[in-house]
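See below for the structure under consideration.
In the numbering used here, the protein residues as written are 23 to 552.
Below you can see the structure in the form of structure tokens.
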């Protein structure tokens, strides 16, 4: 008999449960990657909506004076001004900031409602509808170029609508990943998983940058089609909870008076085996057999146990706020996300102005910030798992981020090499705490011991934390648009102040963690109420 190939031996070493976990991990990763992929184009297209017309005029003069007889292709839009109306005015920064604010404000408001709604609807259908409608509105923004639309109201309406429907994404995917993965090494697993944010930003920058100079409408239409296609994939393949698979395998078993099914949601992963007797009578009973873990058939007398059919009720908004640590981490995320999203929406334009690069090169260079964010998110998860101190890990990274931001504002004036290095470092320190709070910390708090095993709180807690953070995400780009009129230095001072405020809000939790004599490796945010 021929030996089994090593690859096949590796594949069959995983059981069915592990394969479904891997599927959920990869699928939710790709789903939320498409969400961020569709958000990124606006930051790349900004420099195309308002160009440096003087430099373009100089290039046109040089080209006309060179005596070249080579014919040129006529552009699709031949406006007198090189910028796209209504962003051709001197207050273009404020107008662009208003578009960012309209999206993020709608996102922040909708997020508080999204988690509550998501816990009362099937997550798979809820997420599918959100992705399809998000793809529609993202494409609508790009169609403004195709149909030569210059109404500011049109673009703001599309941004508001897109912000509302995109709130379906985060509570849904975090709930799914929390249902499938326990607390063991949660920081590492979710640090790796949360890199979808940076991967989406990178792909969005590359896709938008490919068309930004020739046809910026495609910079939105292509990502819109991608997120809509992923919505269809979500509908076909997403499994919300391990228990959902029980019905599938129960139906495959042979018909008879008894159907043996396993519950995969036992306490501390202990398998419970139930023998369900089904007949034509109106009344049914669940009979629990006292069996060992390996499901060995033992001739014992069945014990009839009547189980309650009612599921745990969803937690209220105020009930979620009373979970220890939710308010502190939510307010901390407000300022941490303010910094992250200011970079997300304004970094390409800043690089264009500071380094004098075109829109495509600036967009490509800005992806280094997200590369650093991937590394920072994973490091934050690993360190917090090792130390058992989520708040302390966030606090140290926030403390280091503020002076690094100041260094970036200074060094970015001295050439491309130093700028690349500082982008990587800033990305890691800025996105590390943001990643840790929105994933591992949210999942820890959503399964806090005060909830007594009620898994219905995870979506609401996640929505509260990310919704509060989204308030900062809305304020950051708006303030950047207003402050940048007086110079980019003021924007960086605002970002450094936000980092220090985020650190101050965590000081109580950091002090409590450091004073604790007993380290808990996987649930450091499970704080006792005073």
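Even for Gly, the Cβ is constructed at its ideal location relative to N, Cα and C.
Here the structure is a predicted model, which means the values were calculated and not measured.
Buried or exposed: which applies to residue i, given that a residue is buried once 16 or more other Cβ atoms fall within 10 Å of its Cβ?
{"i": "residue 408", "result": "exposed"}
{"i": "residue 159", "result": "buried"}
{"i": "residue 181", "result": "buried"}
{"i": "residue 17", "result": "Nothing can be reported for residue 17: it is not among the residues displayed for the chain, which extend from 23 to 552."}
{"i": "residue 145", "result": "buried"}
{"i": "residue 38", "result": "exposed"}
{"i": "residue 300", "result": "Since pLDDT at residue 300 reaches only 40, below the 50 mark, its modelled position is unreliable, and the value read off the structure follows with that caveat. Burial call: exposed."}
{"i": "residue 392", "result": "buried"}
{"i": "residue 414", "result": "buried"}
{"i": "residue 303", "result": "The predicted model places residue 303 with a pLDDT of 42, which falls under 50 and marks its position as unreliable; any figure quoted below should be read in that light. Classification of residue 303: exposed, given that the 10 Å Cβ count is below 16."}
{"i": "residue 18", "result": "No answer is possible for residue 18: it lies beyond the span of the chain, which begins at 23 and ends at 552."}
{"i": "residue 213", "result": "buried"}
{"i": "residue 86", "result": "Residue confidence for residue 86 is low, a pLDDT of 46 falling below 50, so the modelled location carries little weight and cannot support an answer."}
{"i": "residue 29", "result": "exposed"}
Beta-carbon within less than 8 Å of residue i's beta-carbon, same chain only, minus the 5 sequence neighbours each way: which residues are those?
{"i": "residue 357", "result": "494, 520, 521, 523, 524 and 527"}
{"i": "residue 153", "result": "53, 56, 57, 190, 191, 249, 250, 252, 253 and 256"}
{"i": "residue 215", "result": "47, 50, 51, 199 and 461"}
{"i": "residue 178", "result": "120, 121 and 124"}
Ordered along the chain, which non-local residues of its own chain (more than five positions away) have a Cβ less than 7 Å from that of residue i?
{"i": "residue 514", "result": "427, 428 and 431"}
{"i": "residue 67", "result": "230, 234, 238 and 241"}
{"i": "residue 350", "result": "527, 528, 530 and 531"}
{"i": "residue 504", "result": "116 and 119"}
{"i": "residue 533", "result": "none"}
{"i": "residue 361", "result": "452, 498, 517, 520 and 521"}
{"i": "residue 35", "result": "none"}
{"i": "residue 421", "result": "525"}
If the criterion is Cβ atoms closer than 7 Å, does the pair residue i and residue j meet it?
{"i": "residue 134", "j": "residue 489", "result": "yes"}
{"i": "residue 462", "j": "residue 209", "result": "yes"}
{"i": "residue 248", "j": "residue 388", "result": "no"}
{"i": "residue 502", "j": "residue 374", "result": "no"}
{"i": "residue 379", "j": "residue 491", "result": "no"}
{"i": "residue 193", "j": "residue 484", "result": "yes"}
{"i": "residue 499", "j": "residue 245", "result": "no"}
{"i": "residue 395", "j": "residue 227", "result": "no"}
{"i": "residue 224", "j": "residue 164", "result": "no"}
{"i": "residue 390", "j": "residue 445", "result": "yes"}
{"i": "residue 217", "j": "residue 399", "result": "yes"}
{"i": "residue 187", "j": "residue 155", "result": "yes"}
{"i": "residue 487", "j": "residue 352", "result": "yes"}
{"i": "residue 105", "j": "residue 381", "result": "no"}
{"i": "residue 480", "j": "residue 197", "result": "yes"}
{"i": "residue 71", "j": "residue 109", "result": "yes"}
Using CA atoms only, rank isn't needed, just tell me which of the options is closest to residue i.
{"i": "residue 401", "options": "451, 392, 379 and 377", "result": "451"}
{"i": "residue 115", "options": "368, 221 and 197", "result": "368"}
{"i": "residue 418", "options": "111, 456, 211 and 29", "result": "456"}
{"i": "residue 347", "options": "361, 464 and 398", "result": "464"}
{"i": "residue 265", "options": "42, 108, 487 and 372", "result": "42"}
{"i": "residue 384", "options": "65, 33, 342 and 59", "result": "65"}
{"i": "residue 211", "options": "482, 466, 510 and 533", "result": "466"}
{"i": "residue 59", "options": "121, 366 and 25", "result": "366"}
{"i": "residue 259", "options": "345, 34 and 45", "result": "45"}
{"i": "residue 222", "options": "157, 371 and 61", "result": "61"}
{"i": "residue 412", "options": "458, 343, 359 and 424", "result": "458"}
{"i": "residue 148", "options": "176, 161 and 261", "result": "261"}
Tell me which same chain residues have a C-beta within less than 6 Å of the C-beta of residue i, skipping the five on either side of it?
{"i": "residue 496", "result": "123, 126, 127 and 130"}
{"i": "residue 167", "result": "238 and 239"}
{"i": "residue 201", "result": "263"}
{"i": "residue 132", "result": "186 and 189"}
At a cut-off of 6 Å, would you count residue i as near the ligand ATP, judging by its Cβ distance to the nearest heavy atom?
{"i": "residue 46", "result": "In the structure shown, the ligand ATP is absent, as is every other ligand, since no ligand is present at all."}
Go through the region 188-213 residue by residue and report every complete run of the alpha helix (DSSP H) that reaches 4 residues or more, in order.
-> 191-202
Q: Return the chain-ordered ranges of every alpha helix (DSSP H) run that is complete within the region 333-384 and spans a minimum of 4 residues.
A: 339-343 and 348-377
**Item:** Every unbroken alpha helix (DSSP H) within the region 158-188, with a cutoff of 4 residues, ordered by chain
**Value:** 174-187
- Message: Give the list of continuous beta strand (DSSP E) stretches no shorter than 3 residues that lie fully inside the region 384-471.
- Response: none
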